[in-house]
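Each residue of the sequence shown is one higher than the one before, counting from 140 in my numbering. For every residue, glycine included, the Cβ atom is placed at its ideal position computed from N, Cα and C. Only one structure is covered here, and it is reproduced in the block below.
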Amino acid sequence: MADKKTKSDYKTILVDRSDNGLVVITLNRPEMANAVNTDMGLELLDVWTDLVRNSDGLRCVVFTGAGNDAFCGGGDMKQRKGMDTYAWRHQHQIFEEALRAMMECPIPVIAAVNGKAVGGGLEMTLAADFAYGVDSAQLWFPETSIGILPGVGGTTLLPRIVGERRANEIIFTAKPISAAEALEWGIFNRVCSAKDLMPTVMAVAEGIIENAPLAVVQAKKAIHEGMQMDQRTALRFEYEAYNRLTNTQDRVEGTNAWNEKRKPVFKGC
């Protein structure tokens with residue numbers, strides 16, 4: 140892997156950027172199960188917004204949690220104790236904006252779920268382009284057991300992935316599901332042992348990085364936007380995305396490399 144460049148001025152997250160375009164974001168409050176407090180919400184909003192605005196040269200994001208127990212334990216309930224309605228809503232707005240910025244990231248985002256994913260942690264898992272999980276992971280939305288609902292994308296994203304009836308059960312019961320169930324139901328793309336999770340995810344990320352960056356970005360846009368459209372409109376959008384790529388140097392390079400039986404050298408132009 141290329142040498143890393145690290146932004147260290149965050150307090151609750153780590154952001155490592157490699158010369159090859161890989162970005163690794165790590166939730167870094169392991170002593171609190173990587174629960175999201177206001178500071179972490181603001182820092183996530185900052186880093187995702189930066190990726191949306193300044194993605195040139197970047198190819199893929201891996202999103203994980205520090206430690207071996209938790210990807211993210213959801214909102215920091217200790218901080219929320221005693222919050223009045225205004226403070227609660229203000230904090231929640233930060234979380235909403237952070238997740239929205241995450242979903243607007245133009246390059247692929249892979250969640251490496253290294254432990255339990257609770258509440259907002261599960262919502263961030265769902266918001267990634269795809270997710271790999273450790274075999275011991277448990278995932279759940281406890282919100283209905285404490286008087287709220289999964290309100291940072293949970294009721295919107297979960298039924299789109301697992302179907303309405305399973306989403307109803309998960310949210311209404313507030314009970315955990317296992318990594319095996321998450322795999323069967325489409326939340327996880329693959330389940331790995333703890334020692335294999337990050338090497339597996341990093342290998343997948345490296346494979347994405349080797350592909351033509353403009354093509355990957357346009358493919359992500361076509362899939363995500365197309366899912367919100369009727370089929371006829373989505374097909375037109377796909378054709379437009381395809382045609383944008385025909386006038387690129389990478390398309391010429393890819394075709395030449397294929398015919399010359401060599402590995403292409405893509406430049407993102």
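Roughly how many angstroms separate the alpha carbons of residue 93 and residue 222, rounded to a whole number?
Summary: the structure shown does not reach residue 93, with the chain confined to residues 140 through 408, and so no result is reported for it.
Report the residue from 260, 164, 276 whose alpha carbon sits nearest the alpha carbon of residue 329.
Nearest option by C-alpha distance: 276.
Could you check the C-alpha separation between residue 272 and residue 253 for me, to the nearest Å?
The alpha-carbon atoms of residue 272 and residue 253 are separated by roughly 6 Å.
Where does the unbroken beta strand (DSSP E) through residue 200 begin, and where does it stop?
That run of the beta strand (DSSP E) goes 199-204.
With H, G and I counted as helix, E and B as strand and the rest as coil, what does DSSP make of residue 396?
It is helical.
Rank 232, 269, 162 by C-alpha distance to the C-alpha of residue 184 and give the top, closest one.
Closest option to residue 184, Cα to Cα, is 232.
Exposed or buried, residue 244, counting other C-beta atoms within 10 Å across all chains shown (16 or more means buried)?
Answer is buried; the Cβ neighbour count reaches 16.
If you follow the alpha helix (DSSP H) that residue 367 is in, where does it begin and where does it stop?
Here residue 367 belongs to no alpha helix (DSSP H), and DSSP marks it neither H nor E.
Within the chosen definition, does the region 365-376 reach the region 338-352 through at least 3 CB pairs nearer than 8 Å?
With the cut-off at 8 Å, the region 365-376 and the region 338-352 do not touch.
Going by the DSSP bridge assignment, what does residue 359 pair with across the sheet?
DSSP, once it has assigned bridges, lists no residue as partnering residue 359.
Is it buried or exposed for residue 332, if we count other Cβ within 10 angstroms and need 16 for buried?
With fewer than 16 Cβ atoms within 10 Å of its Cβ, residue 332 is classed as exposed.
Check the C-beta distance from residue 172 over to residue 208 and give it rounded, since I have them as a contact under 8 Å.
Yes, residue 172 and residue 208 are in contact; Cβ-Cβ is about 6 Å, under 8 Å.
How would you label residue 142, buried or exposed, when you count the other beta carbons within 10 angstroms and need 16 or more for buried?
Low local confidence applies: a pLDDT of 42 at residue 142 is under 50, so the model's placement there is unreliable, and no value is given.
Which same chain residues end up closer than 8 Å to residue 357 when comparing Cβ atoms and leaving out the 5 residues on each side of it in sequence?
Cβ neighbours of residue 357 beyond the five flanking positions: 380, 381, 383, 384.
Taking DSSP as the reference, what is the three-state secondary structure of residue 255?
Strand, per DSSP.
Does the Cβ-Cβ distance between residue 475 and residue 214 come in under 8 Å?
Residue 475 lies beyond the range of the chain shown here (140 to 408); nothing can be said about it.
DSSP puts residue 331 in a beta bridge; with which residues?
In DSSP, residue 331 forms a bridge with 273.
Taking three-plus beta-carbon pairs below 8 Å as touching, is the region 282-290 in contact with the region 311-321?
Segments in contact, yes.
Would you mind working out which of 162, 151, 186 sits nearest residue 170, comparing C-alpha positions?
Among 162, 151, 186, the Cα nearest to that of residue 170 is on 151.
Out of 235, 408, 188, which has the shortest C-alpha to C-alpha gap to residue 391?
Nearest C-alpha to residue 391: 408.
Return no unless some Cβ of chain B is closer than 8 Å to the Cβ of residue 407.
No chain B is present in this structure, which holds just one protein chain.
Put residue 385 into one of helix, strand or coil per three-state DSSP.
Of the three classes helix, strand and coil, the one that applies to residue 385 here is coil, per DSSP.
How far does the alpha helix (DSSP H) with residue 125 in it extend, from its first residue to its last?
Because the chain here runs from 140 to 408, residue 125 falls outside it and cannot be looked at.
Using the DSSP secondary-structure output, state which residues sit across from residue 214 in a beta bridge.
DSSP output for residue 214 lists 175 as bridge partner(s).
Nearest CA to the CA of residue 405: which residue from 156, 149, 160?
Closest option to residue 405, Cα to Cα, is 160.
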